[in-house]
Amino acid sequence: MNISKIANLKFFYTKTRKISSFLSAFTLILFCIGIYWGLFIAPTDYLQGNSYRIMYVHVPAAWLSMQTYMIMAATGFIALVWKIKIMEIASIQCAPIGAFFTIIALVTGMVWGKPTWGTYWVWDARLTSELILLFLYIGIMVLYSAYSDKRQAIKITSLLAIIGLINIPIIHYSVEWWNTLHQGPTVTKFEKPSAHITMLLPLLYMFFVFNMYFLSILIKRMRFGIYMREKNNKWMEELKND
Amino acid sequence: MIEFFDMGKHTVFVYVAYIFSIVILLLGFLIPHYAMKKEIAKKNDKDNK
């Protein structure tokens, strides 16, 4: 199967209908297993007790908030340079998904912060840069909806997404560049991760589950984006009559 | 059963974080799902008129 075929809106719309439903159901099962693993099987931390279990939703959400932004910027760049319609749709549909991940990361981080730091919020580098990420997502969505010409809108939002990329290394390295309340990297130190394997495995599993969720929602949202753009076109009418 | 769900003094924080995440993830799924259904119904109504 060549890439140009997948990039065809009609091909993508028709072929992903069943994939989307299957992925959603599969993700739900994987998520339930992950929740059970994180809440009841993973051992209790000797220092933080059970509050560390928030990590299993907080950390994957935070990773995905950055990953989604990078995908949004990359697809936006491709859309901007090569004007591929499906990339335009993928780029803008990443924004609400990324915003949801960022909200989860921020709120679960606040809930984790209270028993650990004694406060819900501090204006330190990691928390503030993650909040800026949420504002970037919201800004991109608002900007897109403000334009009636959606192809013009995507040029502006792609540009903003590419400029906003500067925030990603700031979020990632903020705990190393500045003195913050937020702990340093745990998993990305591959040679010697700080977490024990029994705690690390469910975290990596949840990262996989969140990625599956991202994929299933992105396909769902892209189908919606294609429908909105092509609903008055002949092929969409024909599809309805089938 | 209660003991199984009990996380000690941090029970509330853990469950609030998990429930909030589940609600947001569910919204992330339901919003595009129903938005699309609504748009298809709107288009069908318009075509039938």
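Heads up: the protein sequence lines correspond to chains L and V, in order.
By our numbering, the letter at position 219 of the first sequence is numbered 222, and the numbering carries on one by one without gaps.
By our numbering, the letter at position 38 of the second sequence is numbered 40, and the numbering carries on one by one without gaps.
The beta-carbon is built from N, C-alpha and C at its ideal position, and this holds for glycine as well.
Identify which residue in the options has its Cα closest to the Cα of residue i.
i	options	result
K158/L	W124/L, S54/L and S94/L	S94/L
M69/L	S54/L, I106/L, F43/L and I38/L	I106/L
H175/L	V62/L, M209/L and C35/L	V62/L
I220/L	V25/V, I24/V and G30/V	G30/V
M231/L	F7/V, A37/V and D49/V	A37/V
Y147/L	C97/L, L136/L, V114/L and T183/L	C97/L
F22/V	A64/L, I135/L and Y140/L	A64/L
F213/L	T19/L, L31/L and A149/L	L31/L
M73/L	P205/L, M144/L, I222/L and G167/L	G167/L
F217/L	V18/V, L27/V and G10/V	L27/V
M9/V	I44/L, M144/L, E91/L and K86/L	I44/L
G48/L	I222/L, T201/L and F227/L	Going by the sequence as given, residue 48/L is Asp instead of Gly. Of the listed residues, the one whose Cα sits closest to D48/L is T201/L.
P172/L	P99/L, I135/L, I57/L and A108/L	I135/L
L83/L	C35/L, S23/L, W238/L and T160/L	T160/L
A198/L	N235/L, R56/L, R226/L and T111/L	R56/L
W181/L	L203/L, A156/L, K237/L and W126/L	W126/L
T131/L	L67/L, K237/L and T183/L	T183/L
I24/V	L67/L, Y16/L, F103/L and E241/L	F103/L
M144/L	T111/L, G121/L, D152/L and P99/L	P99/L
Would residue i pass as an interface residue toward chain V - the criterion being a Cβ-Cβ separation below 7 Å?
i	result
P63/L	no
N53/L	yes
F29/L	no
F227/L	yes
T111/L	yes
I220/L	yes
P46/L	no
I107/L	yes
I57/L	yes
V178/L	no
L118/L	The residue you asked about is not Leu; residue 118/L is Pro in the sequence shown. Answer yes: the Cβ-Cβ gap between P118/L and chain V drops below 7 Å somewhere.
K223/L	yes
F103/L	yes
V125/L	no
K13/L	no
K234/L	yes
V212/L	no
V60/L	yes
V145/L	no
V114/L	yes
Between residue i and chain L, is the shortest Cβ-Cβ distance under 7 Å, so that the two count as touching?
i	result
I21/V	no
T25/V	Rather than Thr, the amino acid found at residue 25/V in this sequence is Val. For V25/V, the answer is no, since every Cβ of chain L falls outside 7 Å of its Cβ.
K45/V	yes
For residue i and residue j, which I take to be in contact (beta-carbon distance under 8 Å), what is that distance rounded to the nearest angstrom?
i	j	result
M75/L	A164/L	5 Å
F7/V	S54/L	So it is not a contact: roughly 15 Å between Cβ atoms.
G101/L	Y140/L	5 Å
P205/L	G52/L	The pair is not a contact, with the Cβ atoms about 17 Å apart (cut-off 8 Å).
I22/L	I169/L	34 Å between Cβ atoms; not a contact.
T78/L	R226/L	16 Å between Cβ atoms; not a contact.
Return the chain-ordered list of same chain residues with a C-beta closer than 8 Å to the C-beta of residue i, the five sequence neighbours on each side being excluded.
i	result
V178/L	A128, R129, H185, Q186, G187 and P188
M215/L	L26, F29, T30 and L33
R154/L	E91
W238/L	K13
W120/L	L184
Output needed for residue i: all residues of its chain with C-beta closer than 6 Å, excluding positions within five of it in sequence on either side, in chain order.
i	result
M209/L	G37, Y59 and P63
R224/L	Q96
P46/L	T201
A156/L	Y147 and Y150
Give me, in chain order, the residues of the same chain whose beta-carbon lies closer than 7 Å to that of residue i; leave out the 5 immediate sequence neighbours on both sides.
i	result
L12/L	K88, I89, I229 and E233
M113/L	Y123 and W124
G142/L	L163
L109/L	E133, L134 and L137
P118/L	S54
I81/L	I87 and M90
Length at least 4, wholly inside the stretch 46-107 of chain L: the alpha helix (DSSP H) runs in chain order: At a cut-off of 4 residues, the continuous stretches assigned as alpha helix (DSSP H) that sit fully inside the stretch 46-107 of chain L are 58-85.
Any beta strand (DSSP E) of 3 or more consecutive residues that is wholly inside the stretch 152-217 of chain L: Counting only unbroken stretches of 3 or more residues, no beta strand (DSSP E) element lies wholly within the stretch 152-217 of chain L.
Ordered list of alpha helix (DSSP H) runs contained in the stretch 114-138 of chain L, each at least 4 residues: As summarised for the stretch 114-138 of chain L, there are no continuous alpha helix (DSSP H) elements at least 4 residues long confined to that stretch.
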